[in-house]
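First residue of the sequence shown? That's 4 in the working numbering, and the numbers climb one at a time after it. Heads up, the beta-carbon is just placed ideally off N, CA and C, and yes, glycines get one too. Here is the structure we will look at, set down as structure tokens.
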Amino acid sequence: MNQDLNANREPDLPSYTTTPVDDIPAVRGRLKDVFKTGRTRPIQFRKQQLLALAYLIKDNIPLFQRALASDLRRSDTETFVLEIGGTLTEAVNAYHNVAKWSKPERAPWSLNWFATKPTIRKEPKGVVLIISPFNYPVWLLLRPLVAAIAAGNACVLKPSELTPAFSALIAELVPKYLDPESFAVINGAIPETTKAGQLQWDHILYTGGSRVASIVLAAAAKTLSPVTTELGGKSPAVIDPSCDLKLTARRLIWGKVANAGQTCIAPDYALVPKGFVDQFVQACKDVLKDFYPEGAESSDSFCRIVSASHFARIKGLLDRTDGQIVFGGSTNEEKKFIEPTLVTGVNGDDSLMGEEIFGPVLPIIEVDDVDEAIKFINDRDHPLALYVFSPNSAFKSKVIENTQSGTVVINDTMIQAAAEGLPFGGIGPSGSGYTSGKFAFDMFTHLRSTLDNPGIMDYIMKFRYPPYNEKKRKLFTTFMFPSLPARTAAGGNAAPTG
Numbered sequence: 004m005n006q007d008l009n010a011n012r013e014p015d016l017p018s019y020t021t022t023p024v025d026d027i028p029a030v031r032g033r034l035k036d037v038f039k040t041g042r043t044r045p046i047q048f049r050k051q052q053l054l055a056l057a058y059l060i061k062d063n064i065p066l067f068q069r070a071l072a073s074d075l076r077r078s079d080t081e082t083f084v085l086e087i088g089g090t091l092t093e094a095v096n097a098y099h100n101v102a103k104w105s106k107p108e109r110a111p112w113s114l115n116w117f118a119t120k121p122t123i124r125k126e127p128k129g130v131v132l133i134i135s136p137f138n139y140p141v142w143l144l145l146r147p148l149v150a151a152i153a154a155g156n157a158c159v160l161k162p163s164e165l166t167p168a169f170s171a172l173i174a175e176l177v178p179k180y181l182d183p184e185s186f187a188v189i190n191g192a193i194p195e196t197t198k199a200g201q202l203q204w205d206h207i208l209y210t211g212g213s214r215v216a217s218i219v220l221a222a223a224a225k226t227l228s229p230v231t232t233e234l235g236g237k238s239p240a241v242i243d244p245s246c247d248l249k250l251t252a253r254r255l256i257w258g259k260v261a262n263a264g265q266t267c268i269a270p271d272y273a274l275v276p277k278g279f280v281d282q283f284v285q286a287c288k289d290v291l292k293d294f295y296p297e298g299a300e301s302s303d304s305f306c307r308i309v310s311a312s313h314f315a316r317i318k319g320l321l322d323r324t325d326g327q328i329v330f331g332g333s334t335n336e337e338k339k340f341i342e343p344t345l346v347t348g349v350n351g352d353d354s355l356m357g358e359e360i361f362g363p364v365l366p367i368i369e370v371d372d373v374d375e376a377i378k379f380i381n382d383r384d385h386p387l388a389l390y391v392f393s394p395n396s397a398f399k400s401k402v403i404e405n406t407q408s409g410t411v412v413i414n415d416t417m418i419q420a421a422a423e424g425l426p427f428g429g430i431g432p433s434g435s436g437y438t439s440g441k442f443a444f445d446m447f448t449h450l451r452s453t454l455d456n457p458g459i460m461d462y463i464m465k466f467r468y469p470p471y472n473e474k475k476r477k478l479f480t481t482f483m484f485p486s487l488p489a490r491t492a493a494g495g496n497a498a499p500t501g
């Protein structure tokens, strides 16, 4: 009987251990040596590793769910919906497309250059470092790994120390499923991340906050390591009073409470016309009561804040607000619980508007009209996401065409992160580069230009050789100098001089 019970028992999660700081350069050096052998380059190897990664995810769904329940008190369903399905899809799509993505391309045809066979080769950059945050550890660590593998790179993964159960699990699984000579995991906090950041990498992808990003970028600049950043920011939701209010409230509130608001593309605040605020607030209250009939604190469907310091930061923002808490507001330090909260009467200088909230608190800012909403957005850093809730084409176009953001979603929230075939990335302070699909593959790929110039081309290109004379200048003009459209098309500043 005891043997039967033990046979059905779920395996224990591994214990979290940090990587010795002094070992980190050797890890990177070992992968560098392996990359130089060409081990990771063949398409067949890439496909094998992508499929192995897909099975790493599929085989261990219950373990990932247990790990994230331990780290974040997140429900199994939320982990599956928000992370597992999309990451698995990303791996399978790359598996089926990597050969096409990696195929050399001929440059656009040109009379001057066609004989040289101008070609763009898709080559791996080398050894890349992926640093991921705590909030979506499966999605934000393994999705870019998919792109790195597809591009033919070796890779070092650095998961967050704030999710120790997940980080210990991934450190155990990676060498079991993937080629241990080409892929490695390092665990740790500031000392380990600092050491890794001091090394030269062929590419670094950092996902997280802007403060640490500036440190990563400064360190990378010293070694000329290229960096992609996915950072976040304060993503606004612009509300048109003619929207479908019940649907708007449900989708907006879901984006705010999923993962307890700890999402880089969560709607950070709502811009609502003054005469519409009461209706909007009531609709949001109704949704929250539907989501958590017995209250969020007792609900198995509501996540917790990841750490005591993050809890204290969010609570401090709430404590200092000059707005009115019209729903929620309760907290529990021991449980790291912050209730989904609606705050009205918030202005641009409020504590809730000074930084990304990264929690389940929604400030509601009253505006006169869409023009004031646009100005409010443009007076701040470009966000990673912009949400517009409206059935009106003119309203939607006006907001989109007069603002800047990494992404835009109309009449929903957060779905852009999983949408296949679209680039996902920030602009300015919300990040640079792309982290999804073919766009991330391109980011981890060096586009290597090649030309093969036959001897006969010297008949045309002999003008480049000294001694120079008028005949050679005319030859250059005939074959290489482009003709321009009429000067009038360039505007008044292109008037001839002299």
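1. For a quick check, are the C-beta atoms of E233 and G434 less than 8 angstroms apart?
2. Round the Cβ separation of R254 and R76 to the nearest angstrom and send it over; I've been treating them as touching at under 8 angstroms.
3. Compare the C-alpha of Y295 against each of D281, A315, P343 and K339 and name the closest.
4. Determine the DSSP secondary structure at Q327, reduced to helix, strand or coil.
5. How would you label P140, buried or exposed, when you count the other beta carbons within 10 angstroms and need 16 or more for buried?
6. Which stretch, first to last residue, makes up the alpha helix (DSSP H) that contains P276?
7. Within the same chain, show all residues whose beta-carbon is closer than 6 angstroms to that of V230, passing over the 5 residues directly before and after it, in chain order.
8. For the alpha helix (DSSP H) that contains H385, what are its first and last residues?
9. Could you tell me how far apart the beta carbons of A252 and C287 are, in whole angstroms, since I believe they sit closer than 8 angstroms?
10. Check whether the region 60–74 touches the region 404–416, taking contact to mean three or more Cβ pairs, one atom from each stretch, closer than 8 angstroms.
11. Indicate the three-state DSSP secondary structure (helix, strand or coil) for Y437 in the structure shown.
12. Taking a contact to mean a Cβ-Cβ separation below 8 angstroms, would you say F186 touches D74 in this structure?
13. Do V95 and I46 have their C-beta atoms within less than 8 angstroms of each other?
14. Could you tell me if the beta carbon of M446 falls within a distance shorter than 7 angstroms of some heavy atom in the ligand GTP?
15. By DSSP, does P239 sit in helix, in strand, or in coil?
16. Measuring alpha carbon to alpha carbon, tell me which of F314, G351, K339 and G362 ends up nearest D325.
17. In the DSSP output, what is N335 paired with across the bridge?
18. Could you name the residues that DSSP lists as bridge partners for F48?
19. Within this structure, are the beta carbons of P363 and K259 separated by less than 8 angstroms?
20. Counting only runs of 4+ residues fully inside the region 348–410, write out the alpha helix (DSSP H) ranges in chain order.
21. Any chance the region 145–152 sits against the region 439–448, with 3 or more Cβ pairs inside 8 angstroms?
22. Are there 16 or more other CB atoms within 10 angstroms of the CB of Y272, so buried, or fewer, so exposed?
23. Alpha carbons only, please: which of D182, N138, G211 and D445 is nearest the one belonging to T196?
24. Would you identify the three-state DSSP class for K39, choosing helix, strand or coil?
25. Going by DSSP, name the residue or residues bridged to T448.
26. What's the gap between the Cα of G331 and the Cα of P14?
27. Mark V309 as exposed unless 16 or more other C-beta atoms lie within 10 angstroms of its C-beta, in which case mark it buried.
28. Just the C-alpha distance for F137 and P499, rounded to the nearest angstrom, thanks.
29. State the DSSP-derived secondary structure class of T80, mapped to helix, strand or coil.
30. Looking at the strands, I want to know which residues DSSP matches up with V159.
31. Tell me the rounded alpha-carbon separation between V411 and C246.
32. Can I268 and A420 be called in contact, C-beta distance under 8 angstroms?
33. Check V30 in the structure and name its three-state DSSP category.
34. To which residues of the same chain is F279 closer than 8 angstroms at the C-beta, ignoring the five residues directly before and after it?
35. I'd like to know if the region 38–52 and the region 155–163 are in contact, where contact means that at least 3 CB-CB pairs between them fall below 8 angstroms.
36. Provide the residue span of the beta strand (DSSP E) that contains T210, from first to last.
A quick look at the data gives this:
1. yes
2. Incorrect: roughly 24 angstroms between the Cβ atoms, too far for contact.
3. P343
4. strand
5. buried
6. Counting along the chain, P276 falls outside any alpha helix (DSSP H), though it belongs to the beta strand (DSSP E) covering P270 to P276.
7. I207, L220 and A223
8. Taken as a continuous stretch (DSSP letters only), H385 belongs to no alpha helix (DSSP H), as it is neither H nor E.
9. 5 angstroms
10. no
11. coil
12. no
13. no
14. Questions concerning the ligand GTP fall outside what the structure shown contains, since it holds no ligand whatsoever.
15. strand
16. G351
17. F340
18. In the DSSP output, where bridge partners are listed per residue, F48 has none listed.
19. yes
20. 373–381 and 396–404
21. yes
22. buried
23. G211
24. helix
25. P127
26. 39 angstroms
27. buried
28. 59 angstroms
29. helix
30. L132 and A187
31. 17 angstroms
32. yes
33. helix
34. I242 and P244
35. yes
36. H206 to T210
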